[in-house]
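Chains A and B, in that order, are what the protein sequence lines are.
The numbers in UniProt numbering rise by one with no breaks, and the one at position 169 of the first sequence is 169.
The numbers in UniProt numbering rise by one with no breaks, and the one at position 193 of the second sequence is 193.
A short worksheet on the structure shown next.
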Amino acid sequence: DDKLLTEPLSHPDFFSVKELFTLKDLFDARVHLGHKKGCRHRFMEPYIFGCRLDQDIIDLDQTVQHLQLALNFTAHVAYRGGIVLFVSRRRQFCHLVESTARACGEYAHTRYWQAGLLTNSHMLFGPGVRLPDLLVFLSTLNNAFEPHVAIRDAAKMNIPTVGVVDTNCNPCLITYPVPGNDDSPAAVELYCRLFRMTIVRAKDKRRQSEAVEELR
Amino acid sequence: LRLICTTTAVQKKNVGASGPEKYTEAFIKKQIEEFNLGKRHLANMMGEDPETFTQEDIDRAIAYLFPSGLFDKQARPMMKHPTEIFPEQRKIQWGEDGRPFHFLFYTGKQSYYSLMHETYEKLLNVQKHQDQMIAQDLPPQKEKRNLAGSRWLTKIELEEMLLEKLSDDDYSRFIKLLEKLVALPCADTEEDYIRKFSKEVPMQLQKVVVEPLQYDEQGVAFSTGEGKRKTARATAVVYDNGTGKITVNGTDILHYFPVLQDREQLMFPFQFLGRIGKHDMVCTVSGGGRSAQAGAIRLASAKALRSFVTEKEVEFMRQAGLLTVDPRVKERKKPGQEGSRRKFTWKKR
């Protein structure tokens, strides 16, 4: 059992996450398109490649690196049987995110975030609840263009976060930010596909390793 | 485990706040097994057949073996099937490893949001179907749903279905989504799903059925009617081919109602229809006072005359107020007042 858990940590890319996407895929899905110059957040400036006709372009080289780290981390969490919670407050993609979560066997929250969901879980759910081990944000802002409350709550509860940050978002409290577009349907579909494939791969690998261990 | 620096006082379990104890499925199953075993033991004790021991037999046996003089029936010893005792509530939502069963568990209102998710999925399917039909140049089918005969589930019924509390906002959102789904032309494919949330409303009878004429031994047509006014109740039997004779409780109308006003009230339906000398009437009346009895007989005779008369004249009678029950009754006396409206005399000092 110990060997099952420690073996993936020795490899830099145990789940071969790098093969899942290329820079060209990101470009075709319009991930590099950001908001206008006026909406730019100060802390997103390192991730921005440049500005064309007032529209910010996100640096896809950095995106590729960040996305690889994020997917690797989610794969490791899923391998160890952790609970992944997909969060997004975009009404357009609510159905898509929920279906993705159901397909993975993980959980989703694309509705109104009740205050104290993570911080006051004993009152809301009952004693003995298990909180999510990873929060994945497909969109960091809520419907009022403010940072989602879950980022702050996860940071308070020491829960790691992976989030797609657009040019108007604050990447501060997110553990694995992924600079990229969160408004286009093509981009969000790409992210959903990638997360689903990583989680499914990680779970399959876990089942295979357990089967191999039992045979011995 | 994540170490969160708190004091022991905060970590203490708040017993009241967690709500009523949630029962696991295994617990309920065990209770059902124990109940069945106990039922067989009880049947043996009472000397009856364990196979045909019904719930009523159980109640009688318990009442016999454990007699209790307590007033409240629910405080007495009872033995019922566990599904009746343990209210149907949500059992614990997560498995042994802590992972919740439902994928929307962390939203708080999992049944409601999964319902919204499913309904939205049906909507998308219908839209896709519609696009396919348009691509194949087929006209979309338009079958009009019977809007008048059905209604959506009420908020309370929906809460019972989902076993969850809903807010008014949530309920109205769900109904709007259903209306949107129904409004699409190709919504017939999802009829079964929509039928789960709609209920039939039986159309209320607009017309009162008029009884047909009955014939007695001599072949004379007659019909009966009932009427009431204040506390008086009357039944009237109106015979055809009559001379205008009216009998009340065995006595003639002149002797029973000496006052002209009461006799006029009795005459009114016949005078309205122009059939004064043509019908005989035998009535029985009880309760009330002089005027109330007269009013009750008037209503009873008008109801009986409906069978003799055309529909148009029935409508005229209804508009004249002959067929309406007079709702006026004596108003009760209120405390702090001398009568129902009269207040006590106000004294300045």
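Even for Gly, the Cβ is constructed at its ideal location relative to N, Cα and C.
Taking 8 angstroms as the threshold, the shortest C-beta distance from residue 92 of chain A to chain B does not fall below it.
Looking at the DSSP output, residue 200 of chain B bridges to B:150. The way I'd put it, the region 192-211 of chain B doesn't touch the region 284-301 of chain B; fewer than three beta-carbon pairs between them come closer than 8 angstroms. Residue pairing by DSSP puts residue 280 of chain B in a beta bridge opposite B:239.
The beta-bridge partner set that DSSP reports for residue 100 of chain B consists of B:94.
Contacts with chain A at 8 angstroms (Cβ-Cβ) include residue 94 of chain B. The region 27-108 of chain A is shown to contain whole beta strand (DSSP E) runs of 3 or more residues at 33-36, 48-52, 55-58, 84-87, in chain order. Secondary structure at residue 343 of chain B: strand, using DSSP grouped into helix, strand and coil. If you draw a 10 Å sphere on the C-beta of residue 321 of chain B, you find fewer than 16 other C-beta atoms in it, and that means exposed. Of the candidates A:149, A:157, A:20, A:149 places its Cα closest to the Cα of residue 87 of chain A.
Contact between the region 312-329 of chain B and the region 235-250 of chain B is not established, with fewer than three Cβ pairs separated by less than 8 angstroms. Each of B:332, B:103, B:128, B:273 was checked against the Cα of residue 303 of chain B, and the nearest Cα belongs to B:273. Distances from the alpha-carbon of residue 63 of chain A to those of A:162, A:55, A:11 put A:162 closest. For residue 107 of chain B, a Cβ of chain A is located within less than 8 angstroms of the residue's own Cβ. For residue 70 of chain B, not one C-beta of chain A is nearer than 8 angstroms to its own C-beta. Going by beta carbons, residue 39 of chain B and residue 62 of chain B fall outside the 8 angstroms limit. Across the structure, residue 259 of chain B and residue 253 of chain B are spaced so that their CA atoms are roughly 10 angstroms apart. Beta-bridge annotation (DSSP): residue 226 of chain B is paired with B:235. One thing to note: residue 107 of chain A has its Cβ within 8 angstroms of the Cβ of residue 103 of chain B. Burial check for residue 215 of chain B: the Cβ neighbour count within 10 Å stays below 16, so the residue is exposed.
With a threshold of 16 other beta carbon atoms within 10 Å, residue 190 of chain B meets it and is buried.
For a Cβ distance threshold of 9 angstroms, residue set 2, 4 of chain B lies close to residue 157 of chain A, ordered along the chain. Neighbours of residue 78 of chain A in chain B, taken as residues at a C-beta separation under 7 angstroms, are lacking, since the least C-beta distance is about 12 angstroms. Taking residue 76 of chain A as reference, the option from A:16, A:90, A:138 with the minimal CA-CA separation is A:16.
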